[in-house]
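Data block below; observations after.
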Amino acid sequence: MATPLKYLYSEKFSNDFTEIISQVFPSFPKAKFFGLIHDAAWDGKELKQRMKHITWALHQVLHGDFKESAATIESVVQTLLRRHPNSMSFEYMFLADYIETYGIDDFDTSTRLMELVTQFASCEFAVRPFIVKYGDPMMGQMHDWSLHEDHRVRRLASEGCRPRLPWAMGLPELKKNPSAILPILENLKNDPSEFVRRSVANNLNDIAKDNPELVISIAHRWKGKTRETDAIVKHGCRTLLKEGNVAVLELFGISSQPVVELKSFEVHTSAVNVGQHLEFSFSLRNITEQDQALRLEYAIHYLLQNGQHSKKVFKISERKIAGNGQLDIEKKHSFRPITTRTFYPGKHKVSLIVNGQEKGVGEFELIA
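Residue numbers for the sequence shown follow my numbering, beginning at 3 and rising by one.
Structure follows, in structure tokens:
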């Protein structure tokens, strides 16, 4: 099993950081800072708690004035960028958290500092309280960042205003009306960095969950312009594709009414232990003489604690099936324990989806 991410914040990391900050702040109280972090409760803290705790500890030993603290953090990040010019650090996101926590009332200092910090440790979470508090001025800053020379700052312009960024503060106003996001995405849709373009696609996918017609309109405008925008549109429409949205399926040349016959759909593992795989197979036959484009997916209907089921769709492939041809496919689905899902023992279902249409359903028992 992978080492929990909370252990990124170790005694070694604390020592490494104190060594760097001491170079720019010679009177930095190393021992006090280390002791504040690694207190009696440290071992029981999880990842985000550790990050917040380091933020708090740093505030106890830095200057009382945020502008002075910001100057120290700026020097630290400049040192880190000289040492690691092309790196991005997850661990140092506590510096972004520091800005979010202690700089929220100083817009100008905080945004200047975020522009630098995000070039080493992403500020995608830190910008969101500023969007909520400052609204248009902050979105104007994000628009300016979309034109920045550094691709990490340009990515922040998109990633930071995603309406549904996972594990982040919600942005209810942008969920309802994402119009302020659109000029940013227009600036970035042909960005030379795939890192940035992937964020644009994810932002579109977020918008699609609340404003599907808007994203469909954008998809029609962008599709066919460049190879890059085609990839963005496809990835940005993935939720709509999984939902079987007819307009989006047709945009990608996929009929919502495929003329195929399900010859067989079999669940080969009627009982699956947590940690093992579900195995199933199916056969589809094209009952026309014309080639057809197929989007093949399957859904796992997970049993919930309340006895209801929750469906999650997984893509198999998109492919052509020849006229009068047949596809025979075998699939496995892992029930390896993951931190983002709790498995409940009992009856689950698996279904086959062809071009957004459910074609077959099977059952299996999950055993804890």
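Don't be surprised by glycine CBs; every beta carbon is placed ideally from N, CA and C.
None of these values were measured; they are calculated from a predicted model.
Is GLY364 helix, strand or coil by DSSP?
Locating residue 364 in the sequence shown gives position 362, counting from the first residue. Three-state result, GLY364: strand.
Closer than 7 Å to chain C by CB, VAL261:
The chain labelled as chain C is not found in the depicted structure, where only one protein chain is given.
Spatially closest choice to ASP18 from PRO139, VAL78, GLU332, LYS69, by CA coordinates:
Position 16 of the sequence shown holds residue 18. Of PRO139, VAL78, GLU332, LYS69, the residue nearest in Cα terms is VAL78.
If you draw a straight line from the alpha carbon of ARG200 to that of ILE234, how long is it in whole angstroms?
The residue given as residue 200 occupies position 198 in the sequence shown. The residue given as residue 234 occupies position 232 in the sequence shown. Between the alpha carbons of ARG200 and ILE234 lies a distance of about 7 Å.
Which one of CYS163, VAL363, GLU76, GLY105 has the shortest CA to CA distance from GLU268?
Translated into positions along the sequence shown, residue 268 becomes position 266. Looking at the Cα atoms, VAL363 is the closest of the given residues.
Could you spell out the range, first to last residue, of the alpha helix (DSSP H) harbouring GLU117?
Here residue 117 is taken as the residue at index 115 of the sequence shown, counted from 1. Secondary structure note for GLU117: its alpha helix (DSSP H) is the uninterrupted segment 109-119.
Flag this pair as yes or no: are the beta carbons of ILE289 and VAL261 separated by less than 7 Å?
Indexing the sequence shown from 1 puts residue 289 at position 287. Indexing the sequence shown from 1 puts residue 261 at position 259. Yes, they are a contact pair.
What beta strand (DSSP E) runs, 3 residues minimum, are completely inside the segment 116-171?
none
Quick one: residues in its chain with C-beta nearer than 7 Å to the C-beta of GLN278, no 5 flanking neighbours on either side, listed in chain order?
Residue 278 sits at position 276 when you count from the first residue of the sequence shown. Excluding residues within five positions, the ones whose Cβ falls inside 7 Å are PHE337.
Provide the residue span of the beta strand (DSSP E) that contains ALA273, from first to last.
Sequence index remark: in the sequence shown, residue 273 carries index 271 (1-based). Taken as a continuous stretch (DSSP letters only), the beta strand (DSSP E) holding ALA273 covers 273-275.
So what does PHE316 bridge to, in DSSP terms?
Locating residue 316 in the sequence shown gives position 314, counting from the first residue. For PHE316, which the question treats as bridged, DSSP gives the partners TYR300.
Pick from ALA295, LEU187, GLU102, GLY172: whose alpha carbon is nearest that of ASP372?
Nothing can be reported for residue 372: it is not among the residues displayed for the chain, which extend from 3 to 370.
Determine the DSSP secondary structure at VAL289, reduced to helix, strand or coil.
Residue mapping note: residue 289 aligns to position 287 of the sequence shown, counting from 1. The identity of residue 289 in the sequence shown is Ile, whereas the question assumes Val. DSSP places ILE289 in coil when its eight states are reduced to three.
Taking the alpha carbon of ASN189 as the point to measure from, which residue in PRO180, HIS150, LEU176, ARG166 has its own alpha carbon closest?
To locate residue 189, count along the sequence shown from 1; it is residue 187. Minimum Cα distance to ASN189 is reached at HIS150.
Along the chain, where does the alpha helix (DSSP H) containing ASP99 start, and where does it finish?
Numbered from its first residue, the sequence shown carries residue 99 at position 97. It spans 95-104 - the alpha helix (DSSP H) in which ASP99 sits, taken as one unbroken run.
Extract the residue ranges of the alpha helix (DSSP H) inside the segment 159-236, only unbroken runs of 4 or more that lie entirely within it.
174-178, 184-190, 196-212, 214-224
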